[in-house]
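So the sequence shown is numbered by my numbering: it starts at 755 and just counts up by one.
Just so you know, even glycine gets a beta-carbon here, dropped at the ideal spot from N, CA and C.
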Amino acid sequence: MNIVDGHSFLECFKDELQGLTHLAKTASVITDENVYQRRDDNILNMLNSLMKTLVLPGTGLSGEENLVEFLDLVKSGKRGLILMEHYSNFDLPGFIYCLTHSENPCGPEIANRLVAIAGMKLNEDNPYINACTAAFSRIVIYPSRSLAAIKDEEKLVEERERSRKINMAAMRALDKIRRKGDILLVFPSGTRYRPGKPETKRGLPEIDSYLRMFDVMLLVSINGNVLRISDNPADMSADVIYRDVLRYSVGPVLSCRNFRNEAQVGLEEKDVKKQATADKIMAELEKLHAAEAPNYEKLYSAAKNA
């Protein structure tokens, strides 16, 4: 591998990515028959090795005591949900890396239970990204944003039917994993944040439905980013590599029901209530992010000057 800050993901890891594509057996077309995709441990190990080359000393978790409480509740029968900030396609790999390298045994156990909600483009748009996603258990959905981008009326009718089937199958898969005791991870913005585009940092109203299905939740913010969106966001293999300290800040355990009730107090209209939940989630994530920022800056400065 030839890691140079500022070079693309594909340039830095071309040989490794080609190896992943040969190993990966993930579907390149999503249907209602394959929305649940179980992780491939061989690919996870390879991706963890890539992460090790990118993260700087100081990378890790803040608020691990909240992970311990959360896992205890999940093991007691509560249905657990994690909501995370979203900057890059390496947000989940970084979180898994930090969990599996935690000295607290709850970290690897949570990593083993995680199932992420993923959009179809991770499977369908790029073979290298498809191969990387095979490292993680996930339920694939057809995002509403994808439908909104279709202009051809005939194609829109066809894709609406496809999205209905895929998302119904995803809900059935979701019900199975939450009954099993797995932990769902969702990015409430539904897309990666992009500077100068505030709409990418707004929570989706659909996130309210997830809170209705779960009992307890954790909010997780991210400071630091080893993979940054390029000038061509549509080509995810063109995302740019920068070695960095990654700090995942885990907030306190929250009751999903109480959180929704507090967000929606005094509101009547259904759509307004859903957006209020999403807005409150994003506001709380921003607070977590800001609180951890000074620690991240200190650790990053130390790592770069070492």
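Note to self: Check whether the segment 914–921 and the segment 941–950 touch, using three or more Cβ-Cβ pairs below 8 Å as the test.
What the structure shows: no
Notebook entry, point to check: Using the C-alpha atoms, what's the distance from Glu908 back to Val828?
Noted result: Mapped onto the sequence shown, residue 828 falls at position 74. Mapped onto the sequence shown, residue 908 falls at position 154. Whole-angstrom Cα-Cα distance: 45 Å.
Note to self: I'd like the list of long-range same chain contacts for Lys919, defined as Cβ closer than 8 Å, with 5 residues on each side in sequence excluded.
What the structure shows: In the sequence shown, counting from the first residue as 1, residue 919 sits at position 165. So the list reads Thr785 and Asp786, once near-sequence residues are dropped.
Notebook entry, point to check: What do you reckon, are the CB atoms on Ser782 and Asn877 nearer than 8 Å?
Noted result: The residue labelled residue 782 in the question sits at position 28 within the sequence shown. The residue labelled residue 877 in the question sits at position 123 within the sequence shown. It is a contact, given that the beta carbons lie within the stated cut-off.
Notebook entry, point to check: Buried or exposed: Met1036, going by 16 or more other Cβ atoms within 10 Å of its Cβ?
Noted result: Position 282 of the sequence shown, counted from the first residue, corresponds to residue 1036. By the neighbour-count rule (16 or more Cβ atoms within 10 Å), Met1036 is buried.
Checklist line | Nearest-angstrom beta carbon gap, Ala885 and Leu774 [assumed within contact, 8 Å] | finding: The count along the sequence shown starts at 1 and reaches residue 774 at position 20. The count along the sequence shown starts at 1 and reaches residue 885 at position 131. Going by Cβ atoms, the distance from Leu774 to Ala885 rounds to 4 Å, so yes, they are a contact pair.
Margin query: List, from N- to C-terminal side, the beta strand (DSSP E) runs of 3 residues or more that fit wholly inside the segment 761–835.
Written below: 814–816
Check: So what's Leu1039 in DSSP terms, helix, strand or just coil?
Finding: Locating residue 1039 in the sequence shown gives position 285, where the first residue counts as 1. Note: Leu1039 maps to helix in three-state DSSP.
Note to self: Tell me the rounded alpha-carbon separation between Val970 and Phe941.
What the structure shows: Position 216 of the sequence shown, counted from the first residue, corresponds to residue 970. Position 187 of the sequence shown, counted from the first residue, corresponds to residue 941. Straight-line Cα distance between these residues: approximately 16 Å.
Notebook entry, point to check: If you draw a straight line from the C-alpha of Leu1008 to the C-alpha of Arg793, how long is it?
Noted result: Numbered from 1 along the sequence shown, position 254 holds the residue referred to as residue 1008. Numbered from 1 along the sequence shown, position 39 holds the residue referred to as residue 793. Whole-angstrom Cα-Cα distance: 28 Å.
Item checked: Ile895 vs Gly873 beta-carbon contact at 8 Å -> Looking up residue 895 in the sequence shown gives position 141. Looking up residue 873 in the sequence shown gives position 119. In contact: Ile895 and Gly873 (Cβ atoms closer than 8 Å).
Check: Smallest Cα separation from Arg833: which of Arg1011, Lys1027, Ala1060 and Ile995?
Finding: Counting from 1 along the sequence shown, the entry for residue 833 is found at position 79. The residue with the shortest Cα to Cα distance from Arg833 is Arg1011.
Margin query: DSSP three-state label for Lys905, please.
Written below: Within the sequence shown, numbered from 1, the residue matching residue 905 stands at position 151. Lys905 falls in the coil class under three-state DSSP.
Item checked: C-alpha gap between Ile995 and Glu1022, whole angstroms -> Looking up residue 995 in the sequence shown gives position 241. Looking up residue 1022 in the sequence shown gives position 268. Cα to Cα, Ile995 sits roughly 46 Å from Glu1022.
Notebook entry, point to check: To the nearest angstrom, how far is it from the Cα of Leu771 to the Cα of Leu1000?
Noted result: For the purposes of this step, residue 771 is identified with residue 17 of the sequence shown, where counting begins at 1. For the purposes of this step, residue 1000 is identified with residue 246 of the sequence shown, where counting begins at 1. C-alpha separation (whole angstroms): 22 Å.
Next item on the list: Would you identify the three-state DSSP class for Lys1032, choosing helix, strand or coil?
Entry: Stepping through the sequence shown from its first residue, residue 1032 is reached at position 278. It is Ala, not Lys, that sits at residue 1032 in the sequence shown. DSSP places Ala1032 in helix when its eight states are reduced to three.
Check: So, helix, strand or coil for Met874, using DSSP?
Finding: In the sequence shown, residue 874 corresponds to position 120, counting from 1. The answer is coil: DSSP assigns Met874 none of H, G, I, E or B.
Check: What residue range is occupied by the uninterrupted alpha helix (DSSP H) comprising Leu846?
Finding: Position 92 of the sequence shown holds residue 846. Leu846 -> alpha helix (DSSP H) spans Asp845 to Thr854.
Check: Within the present structure, is the beta-carbon of Asn977 separated from the nearest heavy atom of the ligand MG by less than 7 Å?
Finding: The ligand content of the structure shown is nil, which means the ligand MG is not present either.
Margin query: Let me make sure I understand the geometry here. Which of Tyr882, Ala1030, Gly1005 and Phe844 has the alpha-carbon closest to that of Asn1015?
Written below: Residue numbering aside, residue 1015 sits at position 261 when the sequence shown is read from its first letter. Taking only the C-alpha atoms, the option nearest Asn1015 is Ala1030.
Check: Would Leu973 pass as a contact of Gly1005 if the rule is Cβ separation under 8 Å?
Finding: Along the sequence shown, one-based indexing puts residue 973 at 219. Along the sequence shown, one-based indexing puts residue 1005 at 251. In contact: Leu973 and Gly1005 (Cβ atoms closer than 8 Å).
Margin query: Once the 5 residues before and after Asn756 are set aside, which same chain residues still bring their CB inside 7 Å of it?
Written below: As a first step, residue 756 is located in the sequence shown; it is residue number 2 there, counting from the start. Around Asn756: Cys766.
Margin query: Once the 5 residues before and after His1043 are set aside, which same chain residues still bring their CB inside 6 Å of it?
Written below: Against the sequence shown, residue 1043 aligns to sequence position 289. For His1043, where only same-chain residues beyond five positions count, the Cβ hits under 6 Å are Ser975.
Check: Counting along the chain, where does the beta strand (DSSP E) carrying Met971 start and finish?
Finding: As a position in the sequence shown, residue 971 is number 217, starting the count at 1. Its beta strand (DSSP E) spans residues Val970 to Asn977.
Notebook entry, point to check: Per DSSP, Ile893 forms a beta bridge with which residues?
Noted result: In the sequence shown, residue 893 corresponds to position 139, counting from 1. DSSP output for Ile893 lists Tyr790 and Ile871 as bridge partner(s).
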